[in-house]
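**Q**
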Amino acid sequence: FFFAQYSSPSGPPLRPRSCRATVAMACAASGTALERARALAPHVPAPRLLRGGEGEEADWWETHGPVLRAAWREWGPLRPNVRSLPDLCLTEEARQALGQRTEKALRGAVAEVAPGVYSLPLVTAEGCHVLREELAHAEASGIPQRRPNGMNRYGTILEDVGLGGLAQALVDRCLRPLAAVLFPEWDGAGLETNYGFAVRYRVGEDVELAEHTDAANVTLNVCLGTSFEGGDLYFRGLRQNPGQEPRHVVPHRPGYALIHAGARWHAALPITSGERCNII
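Written out as structure tokens, the structure is:
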């Protein structure tokens, strides 16, 4: 459910206000922020693009940004302490390695499952449940949510729904110490900014993700489950040498995190049943 992709992405371009935005503004003119945000739901532009969707209907989201942000503050998280990434969310193995923060301990906690791609059991079953519940709580709010990135159409931008602290905690507590050891050439010890989001794969919605690289130095991708078939990832070489390395297929299991350079080519193969939620 959580992504720790660490970069400094620019926001969507501003555009002239559309008629759609004007109509929606009229529908959301009174009531609490939460009531006004919910009134916008019938007018939310549907995400369409499978590539380059970062700025899709940017005018609509820019126009209604203030009321949406106020509504999320009014709604609040289900468990406020989840934003600090409590110990119950992390496996004993991960807590020990991250607590010691030595190169030996950190390298001993991960397995290289493909060239330049590392895996470790990071989140407990209870932690996966807690994080999925937090995402379900956001969806149950009735507040419109913008697509999480330019390729995935279904998911959650953590900062938007009041979970930016969770993204930062994942960086500070998990990603930065691991990246400093595994990816020093990508400034793994730095990672001063982050962009965290959750994505959902489900039959009838997004079932796969085309090959791409990330706008990040280092990416942390955590699978939260639930039950699904298919959906393996594959990885190839780095951005500067496309097509020069074979695919390495890697299963993505609930509770496990995959860590890789953002410049590494990768894709998600189709799920054939069930639903998978990831935080990146």
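Using the numbering used here, the first residue of the sequence shown is number 1087, and each one after it goes up by one.
Just so it is clear, CB atoms sit at the ideal spot from N, CA and C, and this is done for glycine as well.
Any idea which residues DSSP pairs S1205 with across the strands?
**A** Answer is A1197, L1344.
**Q** If you count every other CB in all the chains shown that lies within 10 Å of the CB of T1188, and 16 or more means buried, which is it?
**A** Exposed: under 16 other Cβ atoms inside 10 Å.
**Q** Given A1353, which residues of its chain have a CB within under 8 Å of its CB, disregarding the five upstream and five downstream residues?
**A** Cβ neighbours of A1353 beyond the five flanking positions: E1294, L1295, A1296, E1297, H1298, L1319, Y1320.
**Q** Can you list the beta strand (DSSP E) stretches of 3 or more residues lying completely in the segment 1227 to 1309, in chain order?
**A** Entirely contained in the segment 1227 to 1309, the beta strand (DSSP E) runs reaching 3 residues are, in chain order, 1241 to 1243, 1283 to 1288, 1295 to 1298.
**Q** Measure the alpha-carbon distance for T1210 versus E1143 and round it to whole angstroms.
**A** Using only the alpha carbons, I get a separation of about 38 Å.
**Q** Answer yes or no: does any C-beta atom of chain B fall closer than 8 Å to that of L1355?
**A** Of the protein chains in this structure there is only one, and it is not chain B.
**Q** Do you know how far the Cα of A1284 is from the Cα of N1307?
**A** Approximately 9 Å between the Cα atoms of the pair.
**Q** Considering just the uninterrupted stretch of the beta strand (DSSP E) at G1185, what are its terminal residues?
**A** Unbroken run through G1185 is the alpha helix (DSSP H), 1178 to 1186; no beta strand (DSSP E).
**Q** Between E1160 and A1119, how many whole angstroms is the CB-CB distance? I'm expecting something under 8 Å.
**A** Yes, E1160 and A1119 are in contact; Cβ-Cβ is about 5 Å, under 8 Å.
**Q** Using only alpha-carbon positions, find the residue among P1230, L1164, I1345 that is nearest to L1261.
**A** If we check each option's Cα against that of L1261, I1345 comes out closest.
**Q** So, at 7 Å on beta carbons, what are the nonlocal neighbours of D1173 in its own chain, with the 5 sequence-adjacent residues on each side left out?
**A** If we look at D1173 and ignore the five residues flanking it on each side, its Cβ neighbours are R1181.
**Q** CA-CA distance, L1171 and R1232?
**A** Cα-Cα distance, rounded: 24 Å.
**Q** Please tell me whether E1361 and R1286 are closer than 8 Å, where the distance is taken between their beta carbons.
**A** Contact flag set, yes.
**Q** Short of 7 Å in beta carbon distance, which residues of its chain neighbour C1214, apart from the five on each side in sequence? Order them along the chain.
**A** So the qualifying residues of the chain are L1310, G1311, P1340, G1341.
**Q** Would you report the Cα separation of A1266 and R1124, rounded to the nearest angstrom?
**A** About 43 Å.
**Q** Among L1184, L1256, R1137, R1165, which one has its Cα closest to the Cα of R1239?
**A** For R1239, the nearest C-alpha among the options comes from R1137.
**Q** Could you give the C-beta distance for W1158 and V1247, rounded to a whole number, given that I count them as a contact under 8 Å?
**A** That pair is a contact at about 6 Å.
**Q** L1249 and E1220 look like a contact to me (Cβ under 8 Å); what is the Cβ gap, rounded to whole Å?
**A** Confirmed, Cβ separation roughly 7 Å.
**Q** Excluding the five sequence neighbours on either side, which residues of its own chain have a C-beta within less than 7 Å of the C-beta of T1242, listed in chain order?
**A** For T1242, where only same-chain residues beyond five positions count, the Cβ hits under 7 Å are L1221, A1224, Q1231, P1234, F1283, A1284.
**Q** Between T1108 and R1134, what straight-line distance do the alpha-carbon atoms span, to the nearest angstrom?
**A** Because the pLDDT of T1108 is 45, which lies under 50, any placement of that residue in the model is unreliable, and the number read from its coordinates should be weighed accordingly. Approximately 21 Å between the Cα atoms of the pair.
**Q** Please classify N1167 as buried or exposed, where buried requires at least 16 other C-beta atoms within 10 Å of its C-beta.
**A** The residue is exposed, with fewer than 16 neighbouring Cβ atoms inside 10 Å.
**Q** Of the residues V1257, E1212, G1317, A1253, which one's Cα is nearest the Cα of S1359?
**A** Here the closest residue by C-alpha is G1317.
**Q** Is the distance from the Cβ of L1217 to the Cβ of I1365 below 8 Å?
**A** Result yes, Cβ atoms of L1217 and I1365 sit closer than 8 Å.
**Q** Once you ignore the five residues that flank W1272 on each side, which residues in its own chain have a CB closer than 8 Å to its CB?
**A** The answer, listed in chain order, is A1265, N1303, V1304, A1347, G1348, A1349.
**Q** Expressed to the nearest angstrom, what Euclidean distance is found between the alpha-carbon atoms of N1327 and A1156?
**A** Cα to Cα, the separation comes out at about 45 Å.
**Q** Can you tell me the Cα-Cα spacing of R1333 and R1322, whole angstroms?
**A** Taking the straight line joining both Cα atoms gives about 5 Å.
**Q** Please say whether L1268 and Y1204 have beta carbons closer to each other than 8 Å?
**A** Yes, these two residues count as a Cβ contact at 8 Å.
**Q** Which same chain residues, not among the five before or five after E1245, have their C-beta less than 6 Å away from its C-beta?
**A** There are no such residues.
**Q** Go ahead and pull the three-state DSSP assignment for T1358.
**A** Strand at T1358.
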